[in-house]
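Enquirer: Take a look at the following structure, please.
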Amino acid sequence: MSNLVIGIFAGVISATLTLVFSSALPLAILSTYLPFLPILIVTLGWRHQTGLVAVFAGAIVCVIAGPLVAAAYLICIGLPAWGLGYLCLLGRRTEDGMEWYPVGHILFWSACSVIIQQMVLLAAVSGGSFETYLINFKARTAVLVEAMEPQLREALNGPDGIDQWVNLLATKAPAYEAIVGLLATIFMLWLAARISIRNKRIPRPMPFLPAMRMPFWILIVWAVGTAGAVLFDDLASVAFQVFSYAAMTAVCLQGLAVLHDISRNWPQRRLALWVAYIAVMFLPFCIFAVALLGAAEILINIRTKFGGTGTPPAKPSKL
């Protein structure tokens, strides 16, 4: 009975966070990813049955705002959070002990969940029409554009330049949101795991993240998304960009994991990693370079050629 109460309580918190933050545009990103946290915590700490109770309790609360909101909560927040938590606890006993579901595969499914979220949002905003999508996007960003209008007029040579800039931003916004969404999902999953481990509520130990290796399917998603974004126009191109950017971000994280692994014995390891992270954040071509490193790891296990092992060190590393 206590697990049932905990699940209902977590679902109510998750739904409340969704409804509160979705009412304010600057905080809208929080309405999608912060509600993951209560669902993940109860799924990891009180097992998947309690997490499922939390999901449906949250959906029932969201019915207050309408059945479509409740359905969106289930598809975009509740079930993805529960599913990722379930995968984290998925394992089997072997002669060498417990074999847990691979971290790289969890990252792959995290990317898939973000893609589904963005597809649902894109369908809701556009109704299947690129013109409708542009109108709704301009309505959502009207306050921001109006506040920046003097600077934009000067930089973009008048109203026509501003309109072209907004159209370009509209075609890229869902893809950029996919990047932020994947990073937010991974952070929420990591935070929930740390909370559960600290409270001794989770049977799985914290994995050695640099050892992760993603499945080959993520490269298929990246290739299909990139090809579709180039070959198609308007709304289809926007949708395929979501696939491409989400997959590229996941593969980039794979590349960063390889850097962590192969740099164990470097004398200036901390400095090298800081430089790599700063470069990835501010230099787009570095993102692509690290993603290529991740793709090479997935294809040919490139870390072994540079001294990486893909296994945890004898002494835990702070990085």
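To convert, note that position 281 of the sequence shown is 1757 in my numbering; the numbers rise steadily by one, no gaps.
In this text, a Cβ means the ideal position worked out from N, Cα and C, and glycines have one as well.
If you're wondering where the values come from, they're calculated on a predicted model, not measured in any experiment.
Give the secondary structure of residue 1690 by DSSP, where H, G and I count as helix, E and B as strand, and everything else as coil.
Expert: Of the three classes helix, strand and coil, the one that applies to residue 1690 here is coil, per DSSP.
Enquirer: If you drop the 5 nearest sequence neighbours on each side, which residues of the same chain put their C-beta closer than 6 Å to that of residue 1576?
Expert: Same-chain partners within the cutoff: 1567, 1680.
Enquirer: Consult DSSP for residue 1780 and reduce its assignment to one of helix, strand or coil.
Expert: Note: residue 1780 maps to helix in three-state DSSP.
Enquirer: Taking the straight line between their C-alpha atoms, what separation do you get for residue 1704 and residue 1717?
Expert: Taking the straight line joining both Cα atoms gives about 8 Å.
Enquirer: Just reading off the beta strand (DSSP E) that residue 1570 is part of, what are its end residues?
Expert: 1567-1570 is the extent of the beta strand (DSSP E) around residue 1570.
Enquirer: Please go through the segment 1578-1653 and give each complete alpha helix (DSSP H) segment of 4 or more residues, from N-terminal end onward.
Expert: Correct list: 1579-1602, 1606-1616, 1618-1623, 1625-1632.
Enquirer: Around the C-beta of residue 1737, are 16 or more other C-beta atoms found within 10 angstroms, so that it is buried, or is it exposed?
Expert: It is buried - the Cβ of residue 1737 has at least 16 other Cβ atoms within 10 Å.
Enquirer: So is residue 1721 buried or exposed if we call it buried at 16+ other beta carbons inside 10 Å?
Expert: Under this definition residue 1721 is a buried residue.
Enquirer: Mind checking whether residue 1658 and residue 1702 have CB atoms under 7 Å apart?
Expert: No, Cβ-Cβ distance for residue 1658 and residue 1702 is not below 7 Å.
Enquirer: Taking Cβ to Cβ, would you say residue 1529 is nearer than 7 Å to residue 1538?
Expert: In this structure, residue 1538 does not lie closer than 7 Å to residue 1529 by Cβ.
Enquirer: With a cut-off of 8 Å on the beta carbons, I'd call residue 1694 and residue 1727 a contact; round off their distance for me.
Expert: That belief holds up - the Cβ atoms of residue 1694 and residue 1727 are roughly 6 Å apart, short of 8 Å.
Enquirer: Decide if residue 1742 is buried, meaning its Cβ has at least 16 other Cβ atoms within 10 Å, or exposed.
Expert: Label assigned to residue 1742: exposed.
Enquirer: Rounding to the nearest angstrom, what Cα-Cα distance links residue 1685 and residue 1523 in this structure?
Expert: Taking the straight line from one Cα to the other gives about 22 Å.
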